[in-house]
Amino acid sequence: MDMQNNSLYEALSGCCLLLRLTGKEALRLEASADFLFPADFAGFQGHFPGNPILPAIVQLAAVRFLAERALGQGVAPTLYHKIKFKGQIRAEDQVTVNIALENDGIKWGGRFSLKRPDGEAVAAGLAEFTAL
Amino acid sequence: MDREITQATAQASLPQQADKLLPHKPPMLLAETLVERQGSRAVALATLPTAGLFVIAGGILPEYFIELIAQTAALGNCYDAIKSDMAPRDGMLVGLDSFSWPGRPQPGTPVHIDTDVAFVFGAMKVVHGEVYAGRELLAVGDIKVWENLGRGAKS
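Written as structure tokens, this is what we have:
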């Protein structure tokens, strides 16, 4: 599989082990997903040679990926806010992405986090998405 | 001594190709050329991709622009380092104060990325960045980057 010709976003689908919809109402959404990033994941290419680290932007793409899958529709971020990247994700690392979003009638917004299986926070912040 | 200074100056002339300064390699090397460096301000050029990792359904992944701004800020730092005959410092993106996308990016469009340091606290910097296609503001945000202040002297 030539992953370089695929979108990074599409490649995330192959890294998602399990998705949990823990709360879904008309204006509220809670969900989580487990991701495992293999060494040949497209996001490690060129970042960096000999020292592969998952780019922070791929962590954000994973948050959006989860929001889309949980909502069952495409979304675009309108704002990322107060985000901290606290740890590095390397090849074969597993992380759980969590989102808790509310809809104000115009957009979905709320908190997200990425945590390791032992609960260590890798990233956290606020995001807003509009439906495509 | 004069020859060393001349070499350092020649290496530090603008424009500078990004692949000569950054540790990133394709397909994660997004910025192409550093064209301006004045004080803490850095301006780079790039072309929005038409295929590959950052293109989906005919559009550009929004997160692409965050990395573009981070790489432009890093280019400025690397440029300063070679100008001072120092090794570039390690650094990484550690946060976003805010980031938004006012414009409608089109694949294949040439863009310029304008960054400036808004705030410094020890090893942490807040960098304001804007990405333009012509006069259209495509993306804007304040990112937080960390620099390894313990590394930089050429051994």
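Going down the list, the sequences are from chains A and B. Quick note on my numbering: the first sequence kicks off at 830 and runs consecutively. Quick note on my numbering: the second sequence kicks off at 608 and runs consecutively. From the three backbone atoms N, C-alpha and C, an ideal C-beta is built for every residue, glycine too.
Residue span of the beta strand (DSSP E) that contains residue i, given as start and end
i, result
"glutamate 754(B)", "743-754"
"tyrosine 885(A)", "Rather than tyrosine, the amino acid found at residue 885(A) in this sequence is alanine. Premise fails: alanine 885(A) lies in the alpha helix (DSSP H), 885-900, not in any beta strand (DSSP E)."
"serine 705(B)", "698-707"
"glutamine 962(A)", "This structure gives no information on residue 962(A), because the portion of chain A shown stretches from 830 to 961."
"glutamine 645(B)", "640-645"
"alanine 960(A)", "950-960"
"histidine 910(A)", "904-914"
"methionine 731(B)", "731-740"
Under 7 Å by beta carbon: chain A residues contacting residue i
i, result
"isoleucine 689(B)", "Chain A residues near isoleucine 689(B): none, gap ~19 Å exceeds 7 Å."
Chain B contact residues for residue i, given Cβ-Cβ distances below 9 Å
i, result
"phenylalanine 864(A)", "Going along chain B, no residue has its Cβ under 9 Å from phenylalanine 864(A), so there is no contact; the nearest lies around 15 Å."
Residue i vs residue j beta-carbon contact at 9 Å
i, j, result
"aspartate 922(A)", "phenylalanine 877(A)", "no"
"tryptophan 708(B)", "proline 906(A)", "yes"
"alanine 966(A)", "phenylalanine 873(A)", "Nothing about residue 966(A) can be reported from this structure: the residues present for chain A run from 830 to 961 only."
"alanine 651(B)", "threonine 722(B)", "yes"
"aspartate 704(B)", "lysine 751(B)", "yes"
"alanine 953(A)", "histidine 910(A)", "no"
"leucine 850(A)", "alanine 890(A)", "no"
"serine 842(A)", "asparagine 927(A)", "no"
"glycine 666(B)", "proline 634(B)", "no"
"proline 622(B)", "leucine 641(B)", "yes"
Extent of the continuous alpha helix (DSSP H) run through residue i
i, result
"leucine 837(A)", "837-841"
"asparagine 684(B)", "671-690"
Chain B residues whose Cβ lies nearer than 8 Å to that of residue i
i, result
"alanine 890(A)", "Leu668 and Glu670"
Listed by chain order, chain B residues near residue i by CB distance under 7 Å
i, result
"leucine 837(A)", "Leu660, Phe661 and Leu668"
Proximal residues of chain A, C-beta to C-beta of residue i below 9 Å
i, result
"glutamate 743(B)", "Ordered by position in chain A, no residue passes the 9 Å Cβ test against glutamate 743(B), which lies about 17 Å from the chain."
* To do: Compile a chain-ordered list of the residues in the segment 893-925 of chain A whose CB is closer than 9 Å to at least one CB of chain B.
  => Arg893, Gly903, Ala905, Pro906, Thr907, Leu908, Tyr909, His910, Lys911, Ile912, Lys913, Phe914, Lys915 and Gln917
* Asked: Listed from N- to C-terminal order along the chain, which residues in the segment 870-888 of chain A have their beta-carbon within a distance smaller than 7 Å of any beta-carbon of chain B?
  -> Ala871, Gln874, Gly875, His876, Phe877, Pro878, Pro884, Ala885 and Ile886
* In chain order, what residues of the segment 617-635 of chain B put their CB closer than 7 Å to some CB of chain A? -> Pro630, His631, Lys632, Pro633, Pro634 and Met635
* Asked: Mind listing which residues of the segment 931-956 of chain A have their C-beta closer than 8 Å to chain B's C-betas, in chain order?
  -> Gly954
* Give, in chain order, every residue of the segment 700-727 of chain B whose Cβ lies closer than 9 Å to some Cβ of chain A. => Leu700, Val701, Gly702, Leu703, Asp704, Ser705, Phe706, Ser707 and Trp708
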